[in-house]
Amino acid sequence: MARVYNFSAGPACLPEPVLKKAASELVEYPNAGMSVMEMSHRSKAFEAIINKAEALLRELMRIPANYQVLFLQGGASLQFSMIPMNLFSKSKKADFVHTGEWTKKAIPESKRYGAVNILASSEDKKHSYIPRLDKSTFTPDADFFYICSNNTIEGTRYPVYPDTGSVPLVADMSSHILSEVMDVSKFGVIFAGAQKNIGPAGVTVVIIRDNLVGKALDITPTMMNYATHVKDKSLFNTPPTYSIYMAMLVFEWLKDLGGIPAMEGINKTKANLLYDFLDASAMFKSPVPREFRSLMNIPFVSGNEELDKKFIAEAGKQGLVQLSGHRSVGGMRASIYNSMPVEGVQKLVDFMKKYEMENK
Ligand SMILES: Cc1ncc(COP(=O)(O)O)c(C=O)c1O
């Protein structure tokens, strides 16, 4: 069977050259005589891999020197607990913007350890937009301000990030890290599960400003304290070695392609192809207003459940797979992460045009 175009929201498609390189090194990593999977995490060979992964990520995202880069486990979901346990260090207050399923899951975890203020919510319109924020309503002494910068399920992304002044801005960037140029210095913490734009599942990247490390609540387990992992450079215990190696290959691929500015251009081309079609179509629609549209996750509906079902089934036969919307929202969703080539999106749009013609 030929490779399909996989529009999964995650784990998602990986760049084919990366998979091929990994395959060529699978059994014997150069000069190691063994697979990366078999290597000690304390070996020189693995140390070189994790150091290179960090150096490439720092270069790609222009991460300032006063930020730490951590490769952790537990998924992005564990960060929902690690953030409050490590950041509730003074007032034990936090501001949250509620924009969808992933903030819905994060909010109760912070509530266990401090006072959570839901500053704004988009729940009134099924999270199809990002609420406008009024700076005068922000909690001035909050320990952190939390956002999900790209909402994977609802397909929204912040057009501009809130200016939180001296309050650290925390962003769950799981579904769009590395997709466009971002100014890391505007954030206190950025975190992202790997399985969309970084590599296979199993590793979570955390980028954290130095001054936020070392102030965890006393009850914080050792493994959930950022200070533990900063001190031991993500090698306190056995890290997900193979996922980190794959992330390193993805970072290399992205650098060779021209880095994030080049990737952003390609991502905009892909997203415009699909959004322009949706805006012109009489059958398919995007539920998200233009200014809040994600470049990575594009939900769409036909307004008719039968037509949606048939569309997903027929698309699958054309090698366009994983197009069902999230179980909570239905319809369709195309996740077009960095690894999805322009041709994949073009093929999807061509198929949508044909489907619309044939099902008028
Ligand atoms: C924005 C966002 N946050 C958090 C998560 C949860 O990630 P994990 O499954 O790695 O815990 C996801 C997963 O899809 C996500 O899209």
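All the letters of the sequence shown, read from the start, carry residue numbers 12 to 371 under the working numbering.
All C-beta atoms, glycine included, are put in the ideal place defined by N, C-alpha and C.
My guess is that residue i and residue j are in contact by the Cβ rule of under 8 Å, so how many angstroms apart are they, rounded?
i: leucine 331; j: tyrosine 16; result: 5 Å
i: valine 455; j: proline 26; result: What the structure shows of the chain is the stretch from 12 to 371, and residue 455 is not part of that stretch, so it cannot be assessed.
i: valine 216; j: phenylalanine 82; result: 6 Å
i: isoleucine 347; j: serine 335; result: Their Cβ separation, rounded to whole angstroms, is 15 Å, which puts isoleucine 347 and serine 335 out of contact at 8 Å.
i: phenylalanine 107; j: asparagine 128; result: 7 Å
i: serine 139; j: serine 133; result: 7 Å
i: leucine 189; j: leucine 71; result: 7 Å
i: proline 310; j: glycine 355; result: With 8 Å as the limit, proline 310 and glycine 355 do not qualify as a contact, their Cβ atoms being about 17 Å apart.
i: leucine 67; j: glutamate 263; result: 6 Å
Using DSSP bridges, identify the partner residues of residue i.
i: asparagine 204; result: Reading off the sequence, residue 204 comes out as glycine, not asparagine. DSSP output for glycine 204 lists Thr215 as bridge partner(s).
i: methionine 343; result: Phe311, Ser335
i: phenylalanine 156; result: Asp106, Leu180
i: aspartate 127; result: Checking the sequence shown, residue 127 turns out to be valine, not aspartate. For valine 127, which the question treats as bridged, DSSP gives the partners Ala105.
i: lysine 296; result: Val312
i: phenylalanine 82; result: Val216
i: threonine 167; result: Asn162, Arg304
i: tyrosine 16; result: Leu331
i: valine 132; result: This sequence places serine at residue 132; valine is not what is there. Partner(s): His109.
Does residue i pass the burial test, meaning 16 or more other C-beta atoms within 10 Å, or should it be called exposed?
i: arginine 304; result: buried
i: threonine 148; result: exposed
i: glutamate 317; result: exposed
i: methionine 12; result: exposed
i: arginine 14; result: exposed
i: arginine 344; result: buried
i: alanine 64; result: buried
i: alanine 258; result: buried
i: proline 179; result: buried
i: alanine 227; result: buried
i: isoleucine 94; result: buried
i: methionine 368; result: exposed
i: serine 245; result: buried
i: threonine 233; result: exposed
i: threonine 239; result: buried
i: glutamate 165; result: buried
i: aspartate 229; result: exposed
i: serine 35; result: exposed
Less than 9 Å between CB atoms is the rule here; does residue i satisfy it with respect to chain E?
i: leucine 37; result: Among the chains of the structure shown, chain E does not appear; only one protein chain is present.
Segment contact, 8 Å Cβ cut-off, at least three pairs: the stretch 74 to 90 with the stretch 278 to 287: no
Say whether the stretch 157 to 176 touches the stretch 40 to 60, bearing in mind that this needs 3 or more beta-carbon pairs closer than 8 Å, one atom from each stretch. no
Closer than 8 Å is the cut-off here; do at least three beta carbon pairs connect the stretch 99 to 112 with the stretch 289 to 300? no
Hey, is the stretch 204 to 219 in contact with the stretch 19 to 38, meaning 3+ C-beta pairs nearer than 8 Å? yes
Check whether the stretch 241 to 257 and the stretch 103 to 123 touch, using three or more Cβ-Cβ pairs below 8 Å as the test. no
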